[in-house]
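S.K.: One structure coming up, written as structure tokens, with questions to follow.
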Amino acid sequence: MNYSDENPCPCKSGKSYQSCCAVFHQSQQKPATCEQLMRSRYSAFILQRGEYLLNSYHPDFRGDLTIKQLSEKSLDWKNLQIIDSESLDKTGFVEFKAWFMCDGQLEVHHERSNFVKDHDQWLYCDGIFYPSEKSGTMVSKLGRNDPCPCESGKKFKKCCAKN
Ligand SMILES: [Zn+2]
Ligand SMILES: [Zn+2]
């Protein structure tokens, strides 16, 4: 996938791709924290960078996954929200919510991912998955007047909460 360096980074950091995840995808730098690694993996899913996804996935946890499988089009990701994160010397975690559209409904993937640092390289190991939520059940938590997480620019109640 062609993605210009000046475009906003797909990880929703608010920075340009160039000054965010691109330096990791292009091996110019290594993520300093597991949050940076997690963000760069989220953008790698969107940009279908299978090689990066494989190399940042701990070999003991990734099973038989191939670069080809990891390069396939992922879900229709809309937004990323980091809820909590900690990077210690050798281990770390990131709790996040990633929003995606499925059959016209906004859904959220809520995960607490575990990472280890091996030879200065953060690697994704595994995660705990929280039950998925659909637009309808998010209403109470999300405030109907809040901006919709699908990034339409509309209020939640006028957008995905309608489903
Ligand atoms: Zn980024
Ligand atoms: Zn929406």
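Just so we're on the same page, this note's numbering is the position in the sequence shown counted from 1, plus 5. Heads up, the beta-carbon is just placed ideally off N, CA and C, and yes, glycines get one too.
(1) Under three-state DSSP, which class holds Arg117?
(2) Do Phe120 and Cys39 have their beta-carbon atoms positioned less than 8 angstroms apart in this structure?
(3) What does the alpha-carbon distance come out to for the pair Ala103 and Ser90?
(4) Tell me, which residues are paired with Phe98 by DSSP?
(5) Is the stretch 152–161 touching the stretch 126–134 in the sense that three or more CB pairs, one from each, lie closer than 8 angstroms?
(6) Under DSSP, the alpha helix (DSSP H) around Gln34 begins and ends at which residues?
(7) Using a beta-carbon distance below 8 angstroms, is His63 in contact with chain B?
(8) Look up Asp81 in the DSSP assignment and give the residues it is bridged to.
(9) Assuming Ser18 and Arg44 form a contact by the criterion Cβ under 8 angstroms, report the distance between their Cβ atoms to the nearest whole angstrom.
(10) Roughly how far, in whole angstroms, is the beta-carbon of Phe101 from the beta-carbon of Gln86, given that I think they are within contact range, below 8 angstroms?
(11) How close, in whole Å, do the beta carbons of Gln53 and Lys83 come, if the pair is a contact with beta carbons under 8 angstroms?
(12) From Arg67 to Val113, what does the alpha carbon distance come to, in whole angstroms?
(13) In terms of residue numbering, what span does the beta strand (DSSP E) encompassing Gln126 cover?
(14) Whose C-beta lies closer than 6 angstroms to the C-beta of Cys25 among residues of the same chain, with five residues either side of it excluded?
(15) Below 6 angstroms CB to CB, which residues in the same chain sit around His115 once its five sequence neighbours on both sides are set aside?
M.R.: Quick look at the numbers:
(1) strand
(2) yes
(3) 15 angstroms
(4) Glu91 and Asn119
(5) no
(6) Segment: none, Gln34 is in no alpha helix (DSSP H) and carries neither H nor E.
(7) In the displayed structure, chain B is absent; only one protein chain is listed.
(8) Met106
(9) 6 angstroms
(10) 6 angstroms
(11) Not quite, the Cβ-Cβ distance comes to about 16 angstroms (not below 8 angstroms), so this is no contact.
(12) 23 angstroms
(13) Gln126 to Phe134
(14) Cys14 and Ser18
(15) Lys102 and Tyr135
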